[in-house]
Structure formats: structure tokens, C-alpha cells
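The structure appears below as C-alpha cells.
Protein chains: 2
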Amino acid sequence: MMLSKKTKYGLKALTYLASVDSKEPVQIAEIAKHENISQKFLESILLTLRRNGFLGSKKGKGGGYYLIKEPKDIVMTAVIRVLEGPIAMVPCVSLNFYEKCDDCPDEHECSVNKLMLQVRDSALKVYRNNTLADLIS
Amino acid sequence: MMLSKKTKYGLKALTYLASVDSKEPVQIAEIAKHENISQKFLESILLTLRRNGFLGSKKGKGGGYYLIKEPKDIVMTAVIRVLEGPIAMVPCVSLNFYEKCDDCPDEHECSVNKLMLQVRDSALKVYRNNTLADLIS
DNA sequence: TTAAAATCTATAAAAACGATAGGGTAATAG
DNA sequence: CTATTACCCTATCGTTTTTATAGATTTTAA
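The structure is reproduced here in C-alpha cells:
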């Protein structure tokens, strides 16, 4: 139920890149230092963010990472799903990662399902309502 | 971010005990079988639920576990906190388990804090709004 | 009083996951 | 060419989760 450091660091990195606001590449080392993150760990995180269309990168001298979209167009639902995985706390209430439970013959009779469906909806509402721009101001 | 099986099984056990509705003790084996749970694992879960005032138990022949309160008086906030731990996804937004982040010089400037505070509030609202009775009907 | 039924307790094995580090490759600017 | 920087693969360490093992203790029925 804890937020992984991967997600935490990823969010912080995105925030930093958004605050810099120029489209100039920012080096991993600079982000890592400014946000107190293990550089190697951050490396892999930025890579997934790039592969999923949030960041662009440039190799070589003067290279680094940069936002590929406007902060106001980066919605938290997308970020969370890429970094953390499903928003739902049980697969049987997940929109994008649905899976039936092994136990539990009938979902509609399941108390866990009933409760976690509400939790998912409420979390979804928050994530949909927040863009990267909202987290900076 | 996933719900632990401990919590899932605990909720299912509580639901089962509430559905039986008599104050007669129900044996661990019966609950385990009905809900497809490893009996030994369930044993330890029921123990914590008893220690935290949700269940009573009776030893010996004809013994077992039973609800100690009315289902409508068992609020999910309490159950989740006992089984799963903090409701917040980062310690720095937790009401009952607050802890400052090592990194992050100022919480009020932190984008993660800002987002997760909203998530916590929305989850809390759901848990406060659901009792065991609500999950059965 | 005896035996059975059941909870209680502790421990630890096994598996999964998270976080981090190391080292090498590829691209780019000067 | 050379320095710099992103890219990528792999291994490791530590923690948590889940399950299993073994036995002690308490209660009840007969």
C-alpha cells in the first residue's frame, strides 16, 4: 500500500523538469543531486518515462532529459500507471489491468471487491483531476 | 500499492462471521474452507483481529471465533489500519503514522506530498463511510 | 479424569519485490 | 579523436509477504 520510491522519484523528477521549464535537456546528475535521489536508480526511472512518451532525451555532451509535453497535458493517471502500475488495489477492480481472483467465486458478492471499487474510484478522481502543472503551483 | 492478502483474507473472514450473524463461535477451519484461505495463515490474522478488539474467541470443543461488535459498528478505517497499516501512501501525509521524509527539505513545496494528501483524504472518506454491515448488504 | 478439539505461540522457510550498484555500449559535441 | 552523457544489462542485498512446521496450552465433552 506504500508508494514505491520509483514513483516518488519519478514524480519529483518530472516536477523538477517542469519547474526548469526551458526545453533544454537537463542531465540526470543534476536532477539526482537536486532531489536527493540515487543517480543510478533515477537513470532507470527516466528511461521508463521516456519509453512511455513523457520525456525526450539527448545523448552526448550537453545531453539530458526534457519534457516532451506541456505540464498541463500530463495527467497523473497516466504517470501513476506507468510508474506504479494499477491504480486499483486488487486486480478484480482494475480498469486497465483487470484479472479475476482465484478464490472468490463471485465478484459481485465479494465484500473486498465492493470496498476496493469505491477506493479505486475515489483515487481515480484525484489522479484525473491533477496534472503536472497543478502540482507545481 | 497492492492490498496484502492478509488484509483481503481478514476482510473476508469478518464478512463471513457477520453473515453467519449468530454469536456462536465459528471454527477457523470452517472459515478457511469457505473462503479458500490457508488455514494457518488465517489463524494468525484472526489472532490480530482478536487482539485489536474486533473478535472474541472460545477455546476447546465447540470453540472458534465470533464478532464482538455489531457489523454496523465496525468501521473500515479501523480494520484497514490494523490489517494493512497506514492508509496514506507516504508517511509524510499520514495522520496516525506521520514521519518526515529524509529527502524533501520542505513538505509544503513537495509535489508528491501535495498529490498524496488528496489521495489520502479521498480514501479516508471511503473507509469512514463503510462499516462491515455496508459490505454485506 | 482423560482424551479430543481447538486456540495460541514461535519460528523459519520460501518466494516475491524493492532499491541500488557495477560495468560496458552507443551517440553526440567540440 | 576525446570527453561527456544517455542507454542497457545484470547481479546483489535487504526487506516484506506468504506460507509451512511444530508444539504448547486451554477448554470441553464424555
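Residue numbers (the working numbering), protein chains in the order written: chain V, 1 to 137; chain U, 1001 to 1137.
Just so it is clear, CB atoms sit at the ideal spot from N, CA and C, and this is done for glycine as well.
Since the structure is predicted, the reported quantities are computational estimates derived from the model, not experimental observations.
Only exposed fits V:Y98, as fewer than 16 other CB atoms lie within 10 angstroms of its CB.
Distances from the CA of U:D1106 to each of V:M116, V:N36 and V:G10 were compared; the closest alpha carbon is that of V:N36. Less than 7 Å divides the Cβ of V:G10 from the Cβ of V:I45. For V:L55, the three-state secondary structure derived from DSSP is strand. In chain order, M1, M89, V90, V112 and M116 make up the part of chain V whose C-beta sits under 8 Å from the C-beta of U:L1003.
Going by beta carbons, V:P25 and V:G63 fall inside the 7 Å limit. Rounded to whole angstroms, the Cβ separation of U:I1068 and U:Y1127 is 20 Å, and the two are not in contact under 8 Å. Setting aside the 5 residues that flank it on each side, U:S1004 is surrounded in the same chain by L1083 and E1084, each with a C-beta closer than 8 Å to its C-beta; the list follows chain order. At a Cβ-Cβ threshold of 7 Å, V:Y16 and V:I28 do not count as neighbours.
Here U:G1064 is bridged, per DSSP, to U:K1058.
U:T1131 has U:V1075 as its beta-bridge partners, per DSSP. When the five nearest sequence neighbours on each side are left out, the beta carbons in the same chain lying within less than 7 Å of the beta carbon of V:V112 are those of V90, in order along the chain. Counted as a single uninterrupted DSSP element, the stretch harbouring V:I87 is not any alpha helix (DSSP H), since DSSP gives it neither H nor E. In chain order, S111 make up the part of chain V whose C-beta sits under 7 Å from the C-beta of U:T1015.
In the DSSP assignment, U:V1020 forms no beta bridge with any residue. Annotation: the continuous alpha helix (DSSP H) that includes V:E35 extends over I28 to E35. In this structure, the alpha-carbon of U:K1040 lies about 17 Å from that of V:D103. In summary, U:M1076 is buried, with 16 or more beta-carbon neighbours lying within 10 Å of its beta-carbon over all protein chains present.
At a cut-off of 7 Å between C-beta atoms, V:N130 counts as an interface residue with respect to chain U.
By the criterion of a C-beta distance shorter than 6 Å, V:S57 is surrounded in its chain by R50 and Y65, once the five residues flanking it on both sides are discounted. Looking at V:I136, V:L135, V:S137 and V:M116, the one whose alpha-carbon comes closest to that of U:T1007 is V:M116.
Taking a beta-carbon distance threshold of 7 Å, U:S1038 does not count as an interface residue toward chain V. Note on U:A1133: under 16 other CB atoms within 10 angstroms of its CB, so exposed under the neighbour-count rule. Here the alpha carbons of U:K1012 and V:C110 stand approximately 8 Å from one another. Of the residues assessed, V:S19 falls on the exposed side of the cut-off, its CB having fewer than 16 other CB atoms within 10 angstroms. For U:S1137, the closest of V:S137, V:H108 and V:G60 by C-alpha to C-alpha distance is V:H108.
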